[in-house]
Amino acid sequence: MPIKPKTSNWHLPAWLGVALIGATLVFSPGAEARSKRRAKPVTPEIAEKRADLKELRDRIEALRKELAANEGQRSHASDQLRASEREISKLQRELNDLAAEREDLRSTLNKLNRQSENLGKTLIQQQSRLEQLIYRQYLRGAPDTLQLLLNGDDPNQLARDLYYLAAIAKARTVLLAEIRDTLAQKKALAEETREEAAELAEIEAEQKERHAELKHQRQQRQAVLAEVTSRISQQRKAIGNLQQDEKRLTQLVDRLSKLLAARAASRPKVKPKATETGIASREPASGKAVEIDNAHVPSESSGAFARLKGNLRLPLKGTVSGRFGAGREGGGVWKGLFIRAGSGSEVKAIANGRIVFAEWMRSFGNLLIIDHGDAYLSIYGNNETLLKQVGDDVKGGETVARVGNSGGNAESGLYFELRHQGQPVDPMKWASLK
Numbered sequence: 080m081p082i083k084p085k086t087s088n089w090h091l092p093a094w095l096g097v098a099l100i101g102a103t104l105v106f107s108p109g110a111e112a113r114s115k116r117r118a119k120p121v122t123p124e125i126a127e128k129r130a131d132l133k134e135l136r137d138r139i140e141a142l143r144k145e146l147a148a149n150e151g152q153r154s155h156a157s158d159q160l161r162a163s164e165r166e167i168s169k170l171q172r173e174l175n176d177l178a179a180e181r182e183d184l185r186s187t188l189n190k191l192n193r194q195s196e197n198l199g200k201t202l203i204q205q206q207s208r209l210e211q212l213i214y215r216q217y218l219r220g221a222p223d224t225l226q227l228l229l230n231g232d233d234p235n236q237l238a239r240d241l242y243y244l245a246a247i248a249k250a251r252t253v254l255l256a257e258i259r260d261t262l263a264q265k266k267a268l269a270e271e272t273r274e275e276a277a278e279l280a281e282i283e284a285e286q287k288e289r290h291a292e293l294k295h296q297r298q299q300r301q302a303v304l305a306e307v308t309s310r311i312s313q314q315r316k317a318i319g320n321l322q323q324d325e326k327r328l329t330q331l332v333d334r335l336s337k338l339l340a341a342r343a344a345s346r347p348k349v350k351p352k353a354t355e356t357g358i359a360s361r362e363p364a365s366g367k368a369v370e371i372d373n374a375h376v377p378s379e380s381s382g383a384f385a386r387l388k389g390n391l392r393l394p395l396k397g398t399v400s401g402r403f404g405a406g407r408e409g410g411g412v413w414k415g416l417f418i419r420a421g422s423g424s425e426v427k428a429i430a431n432g433r434i435v436f437a438e439w440m441r442s443f444g445n446l447l448i449i450d451h452g453d454a455y456l457s458i459y460g461n462n463e464t465l466l467k468q469v470g471d472d473v474k475g476g477e478t479v480a481r482v483g484n485s486g487g488n489a490e491s492g493l494y495f496e497l498r499h500q501g502q503p504v505d506p507m508k509w510a511s512l513k
């Protein structure tokens, strides 16, 4: 059974179709001929009422055609909205990835800074050692090798002096090389840090710019969709009012025709009434949605899903404004819950499972479905962002999406269903709000 909390594509109601067909049959040429044989006298009053009835039917037909055209506009706007919202979800997922990458980069930068500090300390130590070598050489007068040979001093002392000079020269050369290497490393680290930070800032700025642009487009398309929806709603109401007028006129014409036929005939002939099945409008079972505050979110769960009945937490904190089995505006009943919450609120998985659907769907917007095993599914609709993809394993309490009003919803919140073997079940019988 397809899940369908609300229907974007509105079709001519069954009762209106039946009424129009019935009216057509009643006033077809054959029907008029039979009526004339039964009741030949046609007063000006009856003729006037029939003319009014025909005018009403013409108006209904014109409205029906206009409504069909507007439904096409709504469908086109809905398709545009779908593409925009899917792209926004993708971009926000990329922004989340960028945020994680930024955190990694910050960690790397901190590591580079620590390395730079260590290199700075090493450089200070190397410079200090070099100063000591130079100072010691200065104290000894710093004679060169040729002068020592020409002095003709004791050969043993000469050998010691030459060795000392060679050692100092070698140590100084090594220290200078180490200092140059340290300075080069510091320079490379600084350059690497600047490049990575600049690249990340550029990517993030570009993504945010595209996100802002797409969000603006979505707002414009939602405005178009809202305008078309409002116009369709007004036309539905107008058709309903006209249909009631048509019904009253049809009943009046029937009564008058029967009365005149009874007077003209020796034996009254009962004229069959046109079937009006389904014309009466049905009010929702509950005119006002029951509201329940939910102040808890799920935590990690384990074991068979069926054993969690009565202990599950709803997917997010919010107000339950649409309840399972209650009548909903526009007809039909709720097959799940609608939980009002602020845009961007975290949506949690109610239990361990695997993502089996993560895609945009008409009326549901960005939709996520989790398989919990044993033919149990949880469904999360109207999200602004899907943070998981098909095949991802999730734990109870893990954030899987963010609240929005995708799919053309006027109100921000989450549509949530539980299903077992394809059939919807009441989530409130599984949930614990304590």
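According to the working numbering, the stretch in the sequence shown is residues 80 to 513, in order. All residues carry an ideal CB built from backbone N, CA and C; glycine is no exception. These numbers were taken from a predicted model, which means no experiment stands behind them.
Nearest-angstrom beta carbon gap, Asn445 and Leu465 [assumed within contact, 8 Å]: So it is a contact: roughly 5 Å between Cβ atoms.
Integer Cβ distance of Ser491 from Ser422, believed to fall under 8 Å: 5 Å
Touching by the beta-carbon criterion (3+ pairs, under 8 Å), the region 165-177 and the region 463-478: yes
Counted within 10 angstroms of its Cβ, other Cβ atoms place Ala353 as buried (16 or more) or exposed: Confidence is the limiting factor: at Ala353 the pLDDT is only 37, short of 50, which leaves the residue's position unreliable, though a coordinate-based value still follows. By the neighbour-count rule (16 or more Cβ atoms within 10 Å), Ala353 is buried.
Sequence-distant residues of its chain with Cβ nearer than 6 Å to Lys367 (five each side left out): Interpretation of Lys367 is limited by its pLDDT of 44, a score under 50 that renders its predicted location unreliable; no figure is taken from the coordinates.
Element boundaries [beta strand (DSSP E), containing Ala480]: Per DSSP, Ala480 belongs to the beta strand (DSSP E) from Thr478 to Val482.
Neighbour flag for Gln296 against chain C, beta carbons, 8 Å: Structure shown: chain C not included; a single protein chain is present.
Where Asn431 sits in the DSSP three-state scheme: coil
Nearest-angstrom beta carbon gap, Phe495 and Ile458 [assumed within contact, 8 Å]: 7 Å
Supposed contact pair Val482 and Ala420 - C-beta distance, whole angstroms, cut 8 Å: 5 Å
C-beta contact flag for Ser442 and Gly486 at 8 Å: yes
Beta carbon of Ile418 nearer than 8 Å to that of Leu393: Yes. Within cutoff.
Coil, strand or helix - Glu438 by DSSP: Reduced to three states, the DSSP call for Glu438 is strand.
Pro123, DSSP secondary structure in three states: helix
Other residues of its chain near Arg498: CB distance less than 6 Å, five sequence neighbours each side excluded: Excluding sequence neighbours, Arg498 sits near Leu456.
Pick from Lys414, Ala480, Gly389 and Gln296 that is closest to Asp158, judged by C-alpha positions: Gln296
Straight-line Cα distance separating Arg273 from Asn484: 40 Å
Straight-line Cα distance separating Thr308 from Gln301: 10 Å
Spatial neighbours of Ser424 in its chain, beta-carbon cut-off 6 Å, leaving aside the 5 residues before and after: For Ser424, where only same-chain residues beyond five positions count, the Cβ hits under 6 Å are Leu395 and Val482.
For Leu304 and Leu198, believed in contact at Cβ under 8 Å, the rounded distance: Taking a contact as a CB-CB distance under 8 Å, the pair Leu198 and Leu304 does not count as one, their CB atoms being some 60 Å apart.
Alpha-carbon spacing of Pro123 relative to Ala489, whole angstroms: Note on geometry: alpha-carbon atoms of Pro123 and Ala489 lie some 51 Å from one another.
Status (buried if at least 16 other CB within 10 Å, exposed otherwise) for Lys427: buried
Buried versus exposed call for Gly401 [16 or more other C-beta atoms within 10 Å across all chains shown]: buried
Assigned secondary structure, Gln550 (DSSP; H/G/I helix, E/B strand, else coil): The question about residue 550 has no answer here: the residues shown for the chain are numbered 80 through 513.
Limits of the unbroken beta strand (DSSP E) element including Leu416: Leu416 to Arg419
Range of the contiguous beta strand (DSSP E) that encloses Asp453: Looking at the DSSP string, Asp453 is not in any beta strand (DSSP E), and its letter there is neither H nor E.
Endpoints, beta strand (DSSP E) assigned at Ser70: Only positions 80 to 513 of the chain appear in the structure, and residue 70 is not among them; the question remains open.
Assigned secondary structure, Gly401 (DSSP; H/G/I helix, E/B strand, else coil): strand
Buried/exposed call for Ser186, threshold 16 Cβ in 10 Å: exposed
Closest by C-alpha distance to Val504, when choosing among Arg193, Met440, Ala179 and Ala385: Ala385
CB contact flag (Gln194, Leu268, <8 Å): Yes, Cβ-Cβ distance for Gln194 and Leu268 is below 8 Å.
Cα-Cα separation between Ile480 and Ala454, rounded to whole angstroms: Here residue 480 turns out to be Ala, not Ile, going by the sequence shown. Near 22 Å, if we compare the C-alpha coordinates of Ala454 and Ala480.
Identity of the residues DSSP links to Asn462 by a beta bridge: Asn445 and Val482
Same chain, Cβ closer than 7 Å to Ile576, neighbours up to 5 away in sequence not counted: No answer is possible for residue 576: it lies beyond the span of the chain, which begins at 80 and ends at 513.
Same chain, Cβ closer than 6 Å to Glu438, neighbours up to 5 away in sequence not counted: none
Backbone secondary structure at Met406 - three-state DSSP: Met is not the amino acid found at residue 406; the sequence shown has Gly there. In this structure, Gly406 counts as strand in the three-state DSSP scheme.
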